[in-house]
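Structure, as structure tokens:
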Amino acid sequence: MAFKDKRYFFAVGQKSFEAGANANHFSTVVPIAASNGEVIDDRKATFPNRGRVWWMLRGEVRVTHAPPGCLILSGIEASMDSSYSPDRDIYQLLQPTLPGPKDLLEILTPGAEITDPNELLDDFRMRCDHEPTRHVLVRIGEYLYGPLKVEFDRLENDRVIEPEIRFTKPVAPHTVYRITAAEAVGRSGYIRQKAVVQRDISKPNDQCGHTVQYEAVTGTLYEELREGADEVDIVSLQEAVRQVSRDFLVRRERREFIDRLSRFAEEAQSSPAVIARVRHFLGTQSKELDALSQIFDALLSDASFKPKIDQAVATEVEKRVDAQAAQIDARAKERVKELSTKIEELSAEFKAENEKFEAERVCRYKALESELDVMRKASERELEAKREDLIHQEEIVSKSLETVAQRLERSRTGVLNDFLALEPLLRRLGLSDTPKLGGRSEPSSRTETSVPAFKLPDFSVARSERAPMPEEAFFERFVAHVEKCGFVFSREDLLAFHLSAKERAPVILGGVSGSGKSSLPVLYAEALAGQETDKRFLAVDVNPSWTSPSDLLGYTDALEYRFVPAASGMMNQMIFSFHASKNIGSLSPVFSVCLEELNLAQPEHYLADIIQAISRAPGNQLISVFDPNAVRIDDPFRPFARFELSPNLIIVGTVNFDETTRPLSMRLLDRCNLIEFAVDERLPVLGMTAQTGAHQVEGQPVLQFDRDRWTRNTNVPARAIEVLGEMQAELSTLGCGLTHRRQTLICRFLANAPESLCSFDQALDMQLRQRILPQIRGLYRPGAMEAVRRLSDKLEKACNVPRTLQALARLEADARSRDEMFLGEE
716 MAFKDKRYFF
726 AVGQKSFEAG
736 ANANHFSTVV
746 PIAASNGEVI
756 DDRKATFPNR
766 GRVWWMLRGE
776 VRVTHAPPGC
786 LILSGIEASM
796 DSSYSPDRDI
806 YQLLQPTLPG
816 PKDLLEILTP
826 GAEITDPNEL
836 LDDFRMRCDH
846 EPTRHVLVRI
856 GEYLYGPLKV
866 EFDRLENDRV
876 IEPEIRFTKP
886 VAPHTVYRIT
896 AAEAVGRSGY
906 IRQKAVVQRD
916 ISKPNDQCGH
926 TVQYEAVTGT
936 LYEELREGAD
946 EVDIVSLQEA
956 VRQVSRDFLV
966 RRERREFIDR
976 LSRFAEEAQS
986 SPAVIARVRH
996 FLGTQSKELD
1006 ALSQIFDALL
1016 SDASFKPKID
1026 QAVATEVEKR
1036 VDAQAAQIDA
1046 RAKERVKELS
1056 TKIEELSAEF
1066 KAENEKFEAE
1076 RVCRYKALES
1086 ELDVMRKASE
1096 RELEAKREDL
1106 IHQEEIVSKS
1116 LETVAQRLER
1126 SRTGVLNDFL
1136 ALEPLLRRLG
1146 LSDTPKLGGR
1156 SEPSSRTETS
1166 VPAFKLPDFS
1176 VARSERAPMP
1186 EEAFFERFVA
1196 HVEKCGFVFS
1206 REDLLAFHLS
1216 AKERAPVILG
1226 GVSGSGKSSL
1236 PVLYAEALAG
1246 QETDKRFLAV
1256 DVNPSWTSPS
1266 DLLGYTDALE
1276 YRFVPAASGM
1286 MNQMIFSFHA
1296 SKNIGSLSPV
1306 FSVCLEELNL
1316 AQPEHYLADI
1326 IQAISRAPGN
1336 QLISVFDPNA
1346 VRIDDPFRPF
1356 ARFELSPNLI
1366 IVGTVNFDET
1376 TRPLSMRLLD
1386 RCNLIEFAVD
1396 ERLPVLGMTA
1406 QTGAHQVEGQ
1416 PVLQFDRDRW
1426 TRNTNVPARA
1436 IEVLGEMQAE
1446 LSTLGCGLTH
1456 RRQTLICRFL
1466 ANAPESLCSF
1476 DQALDMQLRQ
1486 RILPQIRGLY
1496 RPGAMEAVRR
1506 LSDKLEKACN
1516 VPRTLQALAR
1526 LEADARSRDE
1536 MFLGEE
């Protein structure tokens, strides 16, 4: 009796037919062997009654349409028909499948006309008495070659009992082996069996049986046989010539090669079979080249076929890779073995050298320690001698000072008279020109050093009353001025710059050189000034040698006792804006400064005082430039030794992201808005006639009270808190979690972005790119790339921020293009 816990190989006994009220498909199968290769000789004893098994078809199409004689693999269960009559089968199949190479490989014998396994691939076809398994072994003489893949000329759902098949090479990881046929016969797993199947029992004229001969080996036996077998590389003649010609010849040279081969076939004294084979090949190749020429001409004239060409090339490359994978894998294994041996040898050599080095290091360390001990003792002796000499000198100086003090105490008047007698001589020598510091200057007969003049603009006269300027009207004036001057920026970038400039935080414009970063602050200053001629704009060229605030603002001259402002003019501009704000308050004009290429030097060094002042609350943003006691009392800069960073001053900086500049620190980015002009975007693109100042702006100037009206909204959008809170986990993983300062500045920006100019999502898109994305660094850390993907998913679901999502995608793509980015990825 059969065992229900075992699986068996069955031959499909007949074509399926419909039966029952539900029109189910049924068939019967003939047992061939157990899955371990044990042949079933007495079928009726193992499978009582008819020696067959009942099959109600279900499952995939390939199994459903299996023709009679086809082998399948399945387990069994008790039949649903409980009558157990002699003409009924007592078992039925359980979910049958087609056997794969790991289950069963059939052995096919093509005939005596095949003596070379390569001929199997030369368009050879053979008729089988049944449909074989997809992978087979082919018997040629005393050897079995395979596995080879079986191909059918018919469609999958148009299969026949006795098909005509052809052979092709299997794809990786299968490798073709040559196995001695005698080693398989008689071993466990070798199957040689026959079965009688019916072509179609439903047709009255097709009642004769069809005998099928089976020869096969199980997957387990095949694994044992190939252990001692030789790998062989078989290739068709057509593929060999095609591969050689494709590898070494262009299409023109291929045609010349075929022509020469044709002349050889006509002139050579070879056998008729060889000549016929060559002529057949030449005809095929010529037709192929003609067809290729027509196809290439058509494709070249139609650009829409380029994606299909690329896909075809990719498919061909994949086929070639699969064909060479097994051979490359074998060579790789051999190479790995050689390298492993070499590594072991190098490891042993390294260990010996390391031990030698360690011994030498210990020896040298002891020698140096002894030498250092000698030097230490000598230094201690020398130091002790100098200490005694210093004590002796102190005693002498102390006695001398006591003598001088006693003399000064006894004859103070005489000492003063001696000094007054020498004072004219000291003055003529230039040694007595000592100004009065920190107090009122006294009259003196000697000539005083002149103090450079410093004139402040007159801001004492109050401006006439006028209607405030709406923010929307000014922004439209700014956009129109940019366009009339010939510059091309996106409206969103101009809006981002305007909304950032009205905040009390520096604005940094980043991008490649020549993208219009330096022109944008000038255009904005011209739009602010309106019809006034004084634009109150200053451009400062940062010098790579700057290392302290004195390089930007100025320094005190210790010899002349005066303050010398830096050539940058930054100090004067800050004083002018402070003086205007102090005198006329909100009616003061707006000043602006642009630090050109501010990252040529370290901004945290020369901007240290300004960065610290920005971090404080309005009213406490004081900058200490120098000590007022270090200059004369009449120095014009003395009142401005310490002053407040006024709200009517806009600070802008430009940066180039290249190898000549320094990266911006997190400390600076935490306090600034960074607007980056991406290279792959259309903007900013400058026209040939673009020039600042090319157009006169009409209308009244913008005053500080206008800007104050634009930034009075302090209501934090609740949605902003929700979105930022959702991002915090991913930002912390990326090393740039939101701080209290940055979150406050983002919310302030969103609150003061008018709905008439942009929506909440547009303003949030700006702030994400200006304050959050610039601080994302270190994507090589574990989990960083996954955090970027999660951040993109959250933002895509929570709000409409397309430019932020594009920037994140570009950031991830740039990281993946560098192998070192994934050293920490799981």
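This note's numbering numbers the first residue of the sequence shown as 716 and each following residue consecutively.
From the three backbone atoms N, C-alpha and C, an ideal C-beta is built for every residue, glycine too.
Cut-off 6 Å between Cβ atoms - residues of its own chain near residue i, not counting five sequence neighbours on either side
i     : result
V1036 : none
S1532 : none
A1478 : L1465, A1468
L859  : L852, I894, A896
P885  : P862, K864
S1380 : E1319
D838  : none
Contact check, residue i vs residue j, beta carbons under 8 Å
i     : j     : result
A1220 : I1329 : yes
E659  : P862  : The question about residue 659 has no answer, for the chain in this structure spans 716 to 1541.
L1267 : W1261 : yes
F1293 : E1359 : yes
A1567 : N1363 : Any answer about residue 1567 is impossible in this case: the structure gives the chain only from 716 up to 1541.
L1313 : V1222 : no
G784  : D868  : no
L1449 : P1304 : no
A1544 : V932  : The chain is shown from 716 up to 1541; residue 1544 falls before or after that span and cannot be answered.
A760  : Y723  : no
G1225 : E1391 : yes
Run of the beta strand (DSSP E) containing residue i, from where it starts to where it stops
i     : result
S789  : 786 to 793
Q1327 : Not the beta strand (DSSP E): Q1327 falls in the alpha helix (DSSP H), residues 1323 to 1330.
G1269 : 1269 to 1272
Q810  : 806 to 812
P746  : 739 to 749
W769  : 768 to 771
R1505 : First-last for R1505: 1499 to 1513, but that is the alpha helix (DSSP H), not the beta strand (DSSP E).
C1462 : Here C1462 belongs to no beta strand (DSSP E); instead the alpha helix (DSSP H) covers 1455 to 1466.
Sequence-distant residues of the same chain with beta carbon closer than 7 Å to residue i, five excluded per side
i     : result
Q1443 : G1452, L1453
P1259 : L1315, A1316
R1353 : P1343, V1346
V1237 : F1252, T1407
T890  : E946, A1041
V1516 : D1476, L1479, D1480, L1483, L1510
V875  : P782, R869
A1433 : none
Buried or exposed (CB count within 10 angstroms, at least 16 for buried), residue i
i     : result
Y937  : buried
Y1080 : exposed
M716  : exposed
E733  : exposed
G1414 : exposed
E1535 : At E1535 the pLDDT is 46, less than 50, meaning the model places this residue with poor confidence; the figure from the coordinates comes in the next sentence. By the neighbour-count rule (16 or more Cβ atoms within 10 Å), E1535 is not buried but exposed.
S1159 : Only weak support exists for where S1159 lies, its pLDDT of 40 falling under 50; the value from the coordinates is given anyway. With fewer than 16 other Cβ atoms within 10 Å, it is exposed.
R1046 : exposed
P888  : exposed
E1241 : buried
I878  : Correcting the residue identity first, residue 878 is Pro in this sequence and not Ile. Label assigned to P878: buried.
I1111 : exposed
H1213 : buried
L1105 : exposed
Other residues of its chain near residue i: CB distance less than 8 Å, five sequence neighbours each side excluded
i    : result
R758 : V745, P746, G766, R767
S794 : W769, R803, D804, I805, Y806, Q807
D948 : V891, Q1042
V778 : Low local confidence applies: a pLDDT of 48 at V778 is under 50, so the model's placement there is unreliable, and no value is given.
Residue range of the alpha helix (DSSP H) that includes residue i
i     : result
Y1239 : 1234 to 1244
E939  : 934 to 940
Q1521 : 1517 to 1531
N1388 : That residue, N1388, is in no alpha helix (DSSP H); its beta strand (DSSP E) goes 1388 to 1391.
A1195 : 1186 to 1199
Closer than 8 Å to chain D by CB, residue i
i     : result
A1120 : The structure shown contains no chain D, having only a single protein chain.
Next on the checklist: With three or more beta-carbon pairs closer than 8 Å as the criterion, would you say the segment 904 to 916 touches the segment 924 to 944?
Outcome noted: Yes, since at least three Cβ pairs between the segment 904 to 916 and the segment 924 to 944 fall closer than 8 Å, the two stretches touch.
Item to check | Three or more C-beta pairs below 8 Å linking the segment 1513 to 1533 and the segment 1482 to 1493 | outcome: Cβ pair count under 8 Å is three or more, so yes.
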